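To keep things clear, I will list the structure first and then write my remarks on it.
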Amino acid sequence: MTVTDAGAADDIMIEVENVWKIFGANAAEAMDAVNNEGLSKAEVLERFNAVVGVADVSFNVKRGEIFCVMGLSGSGKSTLVRHFNRLLDPSDGHIRIEGVDVTQLQDKALREFRNNKIGMCFQNFALLPHRSVLDNVAMPLEIRNTSKNERLAKAAEILKIVELDAWGNKFAHELSGGMQQRVGLARALAANPDVLLMDEPFSALDPLIRSQLQDEFMKLSKILKKTTIFITHDLDEAVKVGDRIAIMRDGRIVQIGTAEEIVMNPADDYVADFVAGISRLKVVRAHGVMRPIDEYVTEFGNIPDDAPRVEEDETLSVLIQMAIDADAPIVVRDSGAEVGVITRRDILQTVIEGTEVS
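Oh and the sequence shown: position 166 is 239 in this note's numbering, straight run, nothing missing.
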């Protein structure tokens with residue numbers, strides 16, 4: 074099964090179409106057999122001694138969206154992200170960024186595309202120890218042959234955005250892990266790329282620092298509006314950071330959706346087990362709990378005049394407090410129009426369904 078998603082053509086920044094990656098000396102033969110015979114991952118391994126890393130992955134990413142790809146170790150998420158800048162070449166399929174098929178670019182065009190369109194932030198920071206913080210951040214502009222004064226000025230500007238402007242003359246070993254990761258992010262942003270690739274950028278950090286950097290990254294994203302592919306193995310991080318989430322298993326994407334859609338309507342038992350421990354209080358929104366107004370009126374009669382009103386994106390935690398404070402049902406609005414009603418029973422049912430942990 075291929076998992077895709079819809080979006081207006083002029084709003085799409087990245088298109089991933091039926092991408093495969095097979096590793097091994099017989100990868101080409103294995104790919105042919107997959108296309109012609111529909112072999113499974115296990116059959117590819119048995120017949121060709123080849124490993125399927127990514128299997129028939131398709132999705133679109135909207136302009137300015139933070140698209141989280143998550144899964145356990147070995148799911149294929151880090152393998153997938155390395156195809157966007159061709160650190161890995163796909164065995165089959167296409168990746169288009171603003172209409173340019175990255176899989177078809179040759180050496181010089183690929184280098185220029187990487188340099189101008191894509192920034193990458195690694196898990197291990199990858200800072201050069203012999204360069205100052207400022208020089209590390211300026212490095213992508215140096216590769217572009219930008220003049221020294223201009224690239225240092227740009228680097229200083231980015232360091233100010235990540236609140237490290239006082240540390241430009243220091244070296245990497247003089248900074249904490251969280252500060253080094255912010256330098257890595259600043260370097261990825263220095264060349265003003267259209268697409269940002271982030272491969273588990275915060276996973277090596279302590280929980281408190283990690284949470285702080287997640288918050289800072291989300292603030293930066295609102296300011297800079299970069300289209301971001303964010304790789305993580307942590308569902309809590311994906312829920313917090315991502316506009317949408319793709320869950321991978323065995324090289325395939327099994328579900329794509331918002332955190333609320335995935336938590337409320339898991340595609341299969343694997344996803345259901347994955348999200349079972351996630352609190353619904355800040356994930357589920359009013360529009361996911363409400364029933365249509367006509368349905369409410371048919372069952373209970375007219376809506377009381379003193380019924381509280383909320384917008385459709387209000388969180389479940391707020392709805393619970395409102396249900397405690399008022400006896401009346403809660404009316405849900407969308408752009409001023411009343412579109413649904415939530416009763417205490419609806420809220421309780423949502424909470425109960427979200428408490429079962431396998």
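Each residue gets a CB set at the ideal place from its N, CA and C atoms; glycine is no exception.
All values derive from a computational prediction rather than experimental measurement.
Cα-Cα separation, residue i to residue j
i      : j      : result
Val424 : Val357 : 10 Å
Gly251 : Thr152 : 25 Å
Asn222 : His246 : 25 Å
Asn375 : Phe140 : 42 Å
Lys299 : Ala261 : 11 Å
Ile59  : Asn108 : This structure cannot speak to residue 59, because the chain is shown only from 74 to 431.
Glu385 : Ile85  : 25 Å
Ile366 : Ala103 : 55 Å
Asn338 : Arg325 : 19 Å
Val89  : Pro381 : 44 Å
Glu310 : Gly144 : 12 Å
Val344 : Val327 : 8 Å
Asp307 : Gly350 : 12 Å
Gly315 : Met193 : 17 Å
Asp379 : Lys355 : 26 Å
Ala277 : Gly413 : 44 Å
Phe373 : Val404 : 14 Å
Glu273 : Asn242 : 27 Å
Leu237 : Val210 : 11 Å
Ile282 : Ala259 : 17 Å
Asp174 : Gly409 : 42 Å
Pro348 : Gln179 : One detail in the question is off: residue 348 reads as Val in this sequence, not Pro. Taking the straight line joining both Cα atoms gives about 41 Å.
Val130 : Ala106 : 18 Å
Thr388 : Ala359 : 6 Å
Gly330 : Ser113 : 26 Å
Glu432 : Asn188 : Residue 432 lies beyond the stretch modelled for the chain, which goes from 74 to 431, so this question has no answer here.
Ala396 : Leu225 : 55 Å
Ala101 : Phe198 : 34 Å
Leu293 : Thr301 : 12 Å
Ser390 : Pro213 : 44 Å
Buried/exposed call for residue i, threshold 16 Cβ in 10 Å
i      : result
Ile216 : exposed
Arg418 : exposed
Thr371 : exposed
Gly257 : buried
Gln177 : exposed
Asn133 : buried
Glu138 : buried
Val117 : buried
Lys233 : exposed
Gly172 : exposed
Lys295 : exposed
Arg184 : exposed
Ala182 : exposed
Ala319 : buried
Ser148 : buried
Leu160 : exposed
Delimiting residues of the beta strand (DSSP E) encompassing residue i
i      : result
Asp165 : 165-170
Met271 : 268-272
Glu18  : Examination of residue 18 is not possible in this model, given that the chain is present from 74 through 431 alone.
CB-CB length for residue i against residue j, believed under 8 Å
i      : j      : result
Ala123 : Gly97  : 3 Å
Ile191 : Leu270 : 6 Å
Val487 : Phe186 : Since the displayed the chain opens at 74 and closes at 431, residue 487 lies outside it and no answer follows.
Ile420 : Val362 : 6 Å
Arg255 : Val235 : 5 Å
Ala229 : Leu207 : 7 Å
Gly126 : Ile95  : 7 Å
Asp165 : Asn99  : Incorrect: roughly 15 Å between the Cβ atoms, too far for contact.
Val336 : Arg353 : 6 Å
Phe275 : Leu286 : 5 Å
Delimiting residues of the alpha helix (DSSP H) encompassing residue i
i      : result
Arg187 : 180-190
Val336 : 332-337
Glu260 : The question names Glu, but residue 260 is Arg in the sequence shown. Where Arg260 is concerned, the enclosing alpha helix (DSSP H) stretches over 250-263.
Ala345 : 342-348
_Runs of 3 residues minimum, wholly inside the segment 281-320: which ones carry the beta strand (DSSP E) assignment?_
300-305
*Entirely within the segment 361-419 and at least 4 residues each: give me those alpha helix (DSSP H) ranges in chain order.*
Correct list: 366-373, 389-398.
_Ignoring anything shorter than 4 residues, give me the alpha helix (DSSP H) runs that lie fully in the segment 85-152, in order along the chain._
100-110, 114-121
*Considering only residues of the segment 191-244, which uninterrupted beta strand (DSSP E) runs meet the minimum length of 3 residues and lie entirely inside it, listed in chain order?*
191-194
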